[in-house]
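Numbering (UniProt numbering), first residue to last: 1 to 503.
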């Protein structure tokens, strides 16, 4: 960049990643005394992306994600920097029970198990979710050689080899696949659950690795052991996962007035700092400005053409868009197969609000999971007002059901009345709940859940290397790249800001 000029940065996408990138760009540039002009360009008419809280009649209803992992600190650190950490709240400690559906019944999650891995054989052998043969097969993991680690593979293939097909279908699939609404036999291991391979590498088996982590946790003063990767986001926050956290009272956290609290705080801070926010605008083309490439500093000036043919120029561009959108912008410049290979799954959230009068269910836990083999529209259900005490007014109840997963997205497109009726019928069949809701709130999140394929990490690394040489200053990041959890997205936004300012 020419000395004395103001650096212009365009952030494409106003979701949590893009807003975090803009926030940290502004903050870090000010700390370094650098002049910077930031513009956030969002194609929709609102900020936040999938984060979308509805506040209605005293209810706090999440149309998208409902929480984040407390052990992943970027979200908590962002809340502190925004001055909203006092709004953080955890789950109801009394809502400990989680269930899994089997043959039309809800059975308790097996005891003696961490992240689907059984570590206490006596306790695990008591579950009715897995056959006696299946339980014994799971513990063969202790005797199976670690084998070669020549490359990435699917999560399903890895877990089936270690613990058997039945464990994959009845335990791991409903427990782990929920984070992506995915198919374990298509998701890449190293980009979704890398700690599993690490356990086998270091300890010879999943069970031995989990036991070692539990022992280390005990030695560290009964604090849960930290693990890497995105696995702990399993099942939309339904299942407690034992990882380290500086918020020891709750594994999952949110804000008392909903996750949109952080979006609203980010927007207010960005506006106060002079960041420009452009809504309802979409970038159609990214081009290098002819004659403006500064080869000695390895920099370009980029021309962004918006859908209304407005021209915008920037020295750096942070792309936080879905892979299928980013690929269209970047395909004239680099090989985008790493992006086009990422499939997206559509899902729907059906939230039902009830009065306690006539409500014939105890809601004695956080909810239940539904394995693929049960052939239900509901893939999981959170008993929201039981799990999160702030979400419903006194004497009211709130239940959220998830519909849609990889290979089975038909239910997402059912009409509102039909979808609501289907979900209510399945709730009755699985829980006995026959009460009629006061209202239903349905949200369809089409093409919203990225599916990381085998080899994803290497493919993204190659894409970024190519961008670095051909389009220096154009950075791609977000849920399609390095984790879909909110803290992962915040961390990626911050990392993009640091990368821009370090050039």
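Quick reminder that beta carbons are idealized off the backbone N, C-alpha and C, glycines included.
Contacts around residue 510, its chain only, beta-carbon distance under 7 Å, and the 5 residues preceding and following it disregarded: Residue numbering for the chain in the displayed model covers 1 to 503; residue 510 lies beyond these limits and cannot be assessed.
C-alpha distance - residue 169 paired with residue 365, whole-angstrom precision: Here the C-alpha atom of residue 169 lies approximately 23 Å from the C-alpha atom of residue 365.
CB contact flag (residue 176, residue 155, <8 Å): Against a cut-off of 8 Å, the Cβ pair of residue 155 and residue 176 comes out as a contact.
Collapsed DSSP secondary structure at residue 190 in the structure displayed: Three-state result, residue 190: helix.
Proximity to residue 90 [Cα-Cα], best of 388, 463 and 423: Looking at the Cα atoms, 388 is the closest of the given residues.
Beta-carbon spacing of residue 402, residue 347 below 8 Å: With a cutoff of 8 Å on beta-carbon distance, residue 402 and residue 347 are scored as near each other.
Distance between residue 483 and residue 468 (C-alpha atoms, nearest Å): Going by the C-alpha atoms only, they are around 21 Å apart.
Given residue 481 as reference, the closest of 32, 459 and 282 once Cα atoms are compared: Checking every option, the nearest Cα to that of residue 481 belongs to 459.
Backbone secondary structure at residue 123 - three-state DSSP: Residue state, collapsed to three classes: helix.
Selected residue, minimal CA-CA separation from residue 393, among 48, 14 and 55: Among 48, 14 and 55, the Cα nearest to that of residue 393 is on 55.
Beta-carbon contacts of residue 409 that lie in its chain and below 7 Å, excluding the five residues immediately before and after: In its chain, beyond the 5 residues on either side, 345 and 346 have a beta carbon closer than 7 Å to the beta carbon of residue 409.
Segment limits, beta strand (DSSP E) that includes residue 262: Counting along the chain, no beta strand (DSSP E) covers residue 262; the unbroken alpha helix (DSSP H) around it starts and ends at 260 to 272.
Integer Cβ distance of residue 28 from residue 498, believed to fall under 8 Å: The beta-carbon separation of residue 28 and residue 498, rounded to 7 Å, stays under the 8 Å limit for a contact.
Where residue 182 falls, given that 16 or more other Cβ within 10 Å makes a residue buried: The residue is buried, with at least 16 neighbouring Cβ atoms inside 10 Å.
Whole-Å CB distance - residue 530 paired with residue 269, under 8 Å assumed: The question about residue 530 has no answer, for the chain in this structure spans 1 to 503.
Beta-bridge partners of residue 302, as assigned by DSSP: Residue pairing by DSSP places residue 302 opposite 288 and 314 in a beta bridge.
Cβ-based burial, residue 294 [other Cβ within 10 Å; buried from 16]: Caution applies to residue 294, whose pLDDT of 49 falls short of 50 and renders its modelled position unreliable; the model cannot decide the point.
Residue 92 versus 282, 67 and 151, residue with shortest Cα-Cα distance: The residue from 282, 67 and 151 with its alpha-carbon nearest to that of residue 92 is 67.
Paired residues, beta bridge with residue 439 - DSSP: Looking at the DSSP assignment, residue 439 forms a beta bridge with 353.
Residue 411 versus residue 426: straight-line alpha-carbon distance, rounded: Distance between the alpha carbons of residue 411 and residue 426 is about 13 Å.
Any chain C beta carbon closer than 8 Å to residue 283: You won't find chain C in this structure, because it holds only one protein chain.
Alpha helix (DSSP H) runs contained entirely in the segment 313 to 388, provided each spans 4 or more residues: Entirely contained in the segment 313 to 388, the alpha helix (DSSP H) runs reaching 4 residues are, in chain order, 323 to 330, 337 to 340 and 384 to 387.
Where the alpha helix (DSSP H) through residue 431 begins and ends: Here the alpha helix (DSSP H) through residue 431 covers 416 to 431.
Ranges of the beta strand (DSSP E) found wholly within the segment 78 to 147, counting only runs of at least 3: Listed in chain order, they are 88 to 90, 97 to 102 and 105 to 108.
Simplified DSSP state of residue 45, which is helix, strand or coil: In this structure, residue 45 counts as coil in the three-state DSSP scheme.
Three or more C-beta pairs below 8 Å linking the segment 208 to 222 and the segment 113 to 130: These segments touch.
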